[in-house]
Amino acid sequence: MRSNPSLNSFPKTKIRFAVGIALALCLCARTVAQKTAVAQKTAVAQKTAVAQETAVAQEAAIEPAPADVGTVPVASKPVGSKSADLKPTDSKPIEEARNDYLGRTLAKPMSHLGASWLIRPERDEEESTSESFIQLKLAPGMTVCDLGCGNGYWTLPMARAVGKDGKVLAVDIQREMLHKLRERSGRLKLPQIKPVLGEIDDPKLPTGEVDLLLMVDVYHEFSHPESMLWGIRRSLAPEGVVALLEYREEDPAVPIKPLHKMSKSQIIKEYEANGLKLVREYNDLPWQHLMFFARDDSPLEQIEPVAFK
1158 MRSNPSLNSF
1168 PKTKIRFAVG
1178 IALALCLCAR
1188 TVAQKTAVAQ
1198 KTAVAQKTAV
1208 AQETAVAQEA
1218 AIEPAPADVG
1228 TVPVASKPVG
1238 SKSADLKPTD
1248 SKPIEEARND
1258 YLGRTLAKPM
1268 SHLGASWLIR
1278 PERDEEESTS
1288 ESFIQLKLAP
1298 GMTVCDLGCG
1308 NGYWTLPMAR
1318 AVGKDGKVLA
1328 VDIQREMLHK
1338 LRERSGRLKL
1348 PQIKPVLGEI
1358 DDPKLPTGEV
1368 DLLLMVDVYH
1378 EFSHPESMLW
1388 GIRRSLAPEG
1398 VVALLEYREE
1408 DPAVPIKPLH
1418 KMSKSQIIKE
1428 YEANGLKLVR
1438 EYNDLPWQHL
1448 MFFARDDSPL
1458 EQIEPVAFK
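Sequential numbering of the sequence shown, starting at 1158, is according to my numbering.
Pasting the structure below:
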């Protein structure tokens, strides 16, 4: 009696099928394990990056408690400048990086690694930034500048205030900061924001066009203050103003390292030495001075500062 070939081959077919299924399951399991490992590594890297950003920001500016403050070397030794006592001219001053300027030790700039501190949720409560913004008195169609814009905490509301017919020149010397700004502003469709890569001694601004130039806790970090103030003064429109926010040196309760604070008298000394005069101030912020300067040949009237109480 002859055997049926189909019956003899059935068990082998079944075995091959089972083996194939088992191999497929093993491959799937390996793929899942690899993807899980990659995801875990990515999560750890992201947490580490956030922790580094926070640490850098805190080290740069926040005063956790009374602590020692040393000088931050910017150049190998302090470099003097004869033009500090002279009125600015049409020629850009020749200036090298320095450690101090007119009796003030210069601070080290904040790295882009600390940018997350600039957009911390509690910032408005701490600094009353919304009140400061009102004092800027921005209007549609203005050309304004956010000098030291960072990741755009101030740039974005400035763009909304000046509207589509206005312009916001967002200047920073760190490409990474401008990249972060583009990331935040890209989805908001604000074409009036014009990122500008500045230099340590040149804000790269157009001449005579800026109606308001804002600097928030950044001027004290300039390694070339004379050159920068020359470029700032040159950029102002005839009645243009500089709005300067700096943490109050006179107030020990402000929880910022002393190197990152400035007094009114020091600010006025440096600005008047570079052809800028005080035309307005606002003294009701919790942590900062808010002072407005114009060119010394501006028709805006100069005022005397109110003493800090």
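We put the beta carbon where it would ideally sit given N, CA and C, even for glycine.
Small disclaimer: the values here were computed from a predicted structure and weren't measured.
Residue i classed as buried or exposed, judged by whether at least 16 other C-beta atoms fall within 10 angstroms
i     : result
E1403 : buried
Q1445 : buried
P1382 : buried
V1319 : buried
S1422 : exposed
D1303 : buried
D1257 : exposed
F1465 : exposed
P1395 : exposed
V1399 : buried
R1390 : buried
R1255 : buried
I1251 : exposed
E1333 : exposed
Separation of residue j from residue i, as counted between CA atoms
i     : j     : result
A1393 : F1450 : Ala is not the amino acid found at residue 1393; the sequence shown has Leu there. The straight-line gap from Cα to Cα measures roughly 10 Å.
E1253 : T1364 : 23 Å
A1272 : L1371 : 18 Å
I1413 : D1374 : 11 Å
P1278 : H1417 : 21 Å
N1308 : E1461 : 34 Å
P1297 : L1401 : 21 Å
L1263 : I1425 : 16 Å
E1356 : D1368 : 21 Å
P1472 : G1305 : No answer is possible for residue 1472: it lies beyond the span of the chain, which begins at 1158 and ends at 1466.
A1327 : E1340 : 14 Å
F1379 : W1274 : 20 Å
D1359 : V1411 : 31 Å
I1276 : P1456 : 37 Å
S1342 : H1377 : 27 Å
R1344 : L1335 : 15 Å
G1397 : G1388 : 13 Å
M1419 : V1463 : 15 Å
K1321 : P1266 : 32 Å
K1361 : L1354 : 8 Å
E1458 : R1437 : 9 Å
K1346 : S1268 : 27 Å
E1282 : K1294 : 20 Å
Where the beta strand (DSSP E) through residue i begins and ends
i     : result
Q1445 : Q1445 to R1452
I1357 : Element bounds for I1357: n/a, residue is neither H nor E.
Y1439 : L1433 to Y1439
Per-residue DSSP class, three states only, for residue i
i     : result
I1330 : coil
M1267 : coil
D1281 : helix
A1296 : coil
L1362 : coil
E1458 : coil
L1371 : strand
L1402 : strand
P1395 : strand
K1324 : strand
L1442 : coil
K1466 : coil
K1337 : helix
R1344 : helix
L1304 : strand
I1251 : coil
Contacts around residue i, its chain only, beta-carbon distance under 7 Å, and the 5 residues preceding and following it disregarded
i     : result
R1280 : T1286
Y1439 : Q1292 and L1447
V1325 : V1301, D1303, T1312, M1315, A1316, V1319, Q1349, I1350 and K1351
A1241 : Residue placement at A1241 cannot be trusted, given a pLDDT of 36 that sits under 50; the coordinates are not used to answer.
S1289 : L1402, L1442 and L1447
Y1310 : L1275 and I1276
Cutoff 6 Å; reference residue i; Cβ partners in own chain excluding five residues on either side
i     : result
D1453 : G1432 and K1434
L1386 : N1431
M1299 : V1319, G1323 and D1368
E1284 : W1444
K1337 : A1272 and N1308
K1249 : W1387
Range of the contiguous alpha helix (DSSP H) that encloses residue i
i     : result
G1388 : P1382 to S1392
E1429 : K1421 to E1429
P1314 : T1312 to V1319
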